[in-house]
Amino acid sequence: MEVRLEGTGGPEGWPDPACPCASCGRLAPGHRRPLSVLVDGRVRLTDARPPDGYLIRHTADGCEVTGPDGGRLLCSVGPPAGARDADTPFDVVLMDLPDRPERLGDLRRRGRITPATRIIAVSLDHRVATEDELARRLGFWGAAVVPDGTVVDTAGSADTAGQGATPGALRGGALPRRTLLLGGSRSGKSEEAELRLAAEPEVTYVATGPSGGDDPAWLGRVRAHRERRPAHWRTVETTDLEAVLSGATGTYLVDGLGTWLAAVFDECAAWPEGDRADDHGAALGRVARRCDALVAAWRGTRARVVAVSDEVGLGVIPATPAGRLFRDALGRLNQALARESEDVALVIAGRVVPLPL
């Protein structure tokens, strides 16, 4: 099947002529027209009765089109409708990736996207700040962006979109094995970590924080994190990161190292208390050994890991001895892990600043 993308934008295009936002203001009028897909010059996805030889089905994955030549197209835009189809793979997938990139991970997990599938982002609009930011995200997800008017053949010829089934392929090679994302409170560092792994078929989320007990504020934060994560991700709650990383294969998201270190301080009874100077020094030694063990496990892991940590050195000096002790220990841990990471970035107000060597 020949798939012509007459328009690749959102319902109002990108930019939206009536929208005053910064994203729309950066682009010339008509940059991307509203989404319009024409198959073989005669079939539209909205056709209630397609011509003979074409099958159009609306399923939980989106609008599925099968052509006379057996070519398979999926257009996944808007909320899911209908029942889930059998796990038949597609040749081309058009997807609203600014909306729910985790759909890619689910399709990969179920075998509907294979290494031969071409994935193209559509329904593009001001939900993404710029074309450059869109391309950055698509590089993590193994998808491509094409201009209006692009023609894609489900058989693979005349395809300008490239292969899209391997996350990171569009960035010139494999993704980094170890990524450390630093940021202050509410900087967007956790969202960035989740964004980078959204299209992976299998992810283990390692939650290092305390249960929260009956604290409504903490329980609310935990609930918000859970609701944001894809449903098919696996969650492990532990502070034994050394064991997790040492025996791990696959893909892991660790959130976060600050709560891990606070738990280690608790376990080692290392918070300053009274005048127990001798005992306190021994406790700090136990904390240092746990940090060294974590760095060694990070260095030797065979898994792909994205870890989130707090950048604690940019604010005011903590007023308490415990605060200063924790700040110094976490700063040293961040430095040690950064030295053993292929990719390190600082997240500030939702914007990502790479920290190259």
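Take any residue in the sequence shown, count from 1 to its spot, add 410: that is its number in my numbering.
The C-beta atom is built at its ideal place from N, Cα and C for all residues, glycine as well.
These numbers were taken from a predicted model, which means no experiment stands behind them.
Measuring alpha carbon to alpha carbon, tell me which residue in Arg528, Ala609, Leu507, Asp509 is nearest Pro499.
Within the sequence shown, residue 499 is the residue found at index 89, counting from 1. For Pro499, the nearest C-alpha among the options comes from Arg528.
Per DSSP, cross-strand counterpart(s) of Ala539
To locate residue 539, count along the sequence shown from 1; it is residue 129. Residue pairing from DSSP leaves Ala539 without any beta-bridge partner.
Per-residue DSSP class, three states only, for Leu448:
The residue you call residue 448 lines up with position 38 of the sequence shown. In the three-state reduction of the DSSP assignment, Leu448 falls in the strand class.
Contact between the segment 532–542 and the segment 428–447: three or more CB pairs below 8 Å?
Taking one beta carbon from each stretch, the segment 532–542 and the segment 428–447 have 3 or more pairs nearer than 8 Å; the two touch.
According to DSSP, is Ala608 helix, strand or coil?
Residue mapping note: residue 608 aligns to position 198 of the sequence shown, counting from 1. Here Ala608 sits in coil by DSSP.
Which of the three DSSP states is assigned to Pro478 in this structure?
One-based indexing of the sequence shown puts residue 478 at position 68. Three-state DSSP puts Pro478 in coil, outside helix and strand.
Local Cβ density within 10 Å of Pro511, reported as buried at 16 or more and exposed below that
Within the sequence shown, numbered from 1, the residue matching residue 511 stands at position 101. With 16 or more other Cβ atoms from the protein chains shown falling within 10 Å of its own Cβ, Pro511 counts as buried.
Chain-order list of residues whose beta-carbon lies under 7 Å from that of Arg638 (same chain, five-residue window excluded)
What you label residue 638 is simply residue 228 of the sequence shown in a count that begins at 1. The beta carbon of Arg638 lies closer than 7 Å to those of Glu604 in the same chain, with the five residues before and after it left out.
Below 8 Å, can you find three or more Cβ-Cβ pairs linking the segment 544–563 to the segment 594–613?
With the cut-off at 8 Å, the segment 544–563 and the segment 594–613 touch.
Ordered along the chain, which non-local residues of its own chain (more than five positions away) have a Cβ less than 7 Å from that of Leu756?
The count along the sequence shown starts at 1 and reaches residue 756 at position 346. Same-chain partners within the cutoff: Leu592, Gly593, Glu721, Val763, Leu765.
Tell me whether Ser595 sits in a helix, a strand or coil according to DSSP, three-state version.
The residue given as residue 595 occupies position 185 in the sequence shown. Collapsing the DSSP output to three states places Ser595 in coil.
Using the Cα positions of Gly657 and Arg712, report the straight-line distance between them to the nearest angstrom.
For this step, residue 657 is matched to residue 247 along the sequence shown. For this step, residue 712 is matched to residue 302 along the sequence shown. Roughly 8 Å separates the two Cα atoms.
According to the Cβ coordinates, are Asp665 and Val718 closer than 8 Å?
Here residue 665 refers to the residue found at position 255 of the sequence shown. Here residue 718 refers to the residue found at position 308 of the sequence shown. Yes, they are a contact pair.
Report, in whole angstroms, the separation of the C-beta atoms of Val413 and Val449, which I expect to be a contact under 8 Å.
Translated into the one-based positions of the sequence shown, residue 413 becomes position 3. Translated into the one-based positions of the sequence shown, residue 449 becomes position 39. Right, the Cβ-Cβ distance comes to about 6 Å (below 8 Å), so this counts as a contact.
Go to Val532, then tell me how far its alpha helix (DSSP H) extends in each direction, as first and last residue.
Here residue 532 corresponds to residue number 122 of the sequence shown, with the count starting at 1. That residue, Val532, is in no alpha helix (DSSP H); it is neither H nor E in DSSP.
By the 10 Å Cβ neighbour count, where 16 or more other Cβ atoms means buried, how is Val754 classified, buried or exposed?
Your numbering for residue 754 matches position 344 in the sequence shown. With 16 or more other Cβ atoms within 10 Å, it is buried.
By DSSP, does Gly515 sit in helix, in strand, or in coil?
In the sequence shown, the residue the question calls residue 515 occupies position 105. Helix at Gly515.
Would Glu647 be called buried (16 or more neighbouring beta carbons within 10 Å of its own) or exposed?
Residue 647 sits at position 237 when you count from the first residue of the sequence shown. When all chains shown are included, Glu647 counts as exposed.
Please state whether DSSP places Leu694 in a helix, a strand or coil.
As a working mapping, residue 694 is identified with position 284 in the sequence shown. DSSP places Leu694 in helix when its eight states are reduced to three.
Given a cut-off of 8 Å on the beta-carbon distance, is the pair Ala617 and Gly481 in contact?
Your numbering for residue 617 matches position 207 in the sequence shown. Your numbering for residue 481 matches position 71 in the sequence shown. No, the pair does not count as a contact, with Cβ atoms beyond the cut-off.
Am I right that Leu455 and Thr418 are in contact with their C-beta atoms under 8 Å? What's the rounded C-beta distance?
Taking the sequence shown and counting its residues from 1, one reaches residue 455 at position 45. Taking the sequence shown and counting its residues from 1, one reaches residue 418 at position 8. About 14 Å separates the CB atoms of Leu455 and Thr418; that is not less than 8 Å, and the two are not in contact.
Endpoints, beta strand (DSSP E) assigned at Ser719
One-based indexing of the sequence shown puts residue 719 at position 309. Annotation for Ser719: the continuous beta strand (DSSP E) segment containing it runs 714–720.
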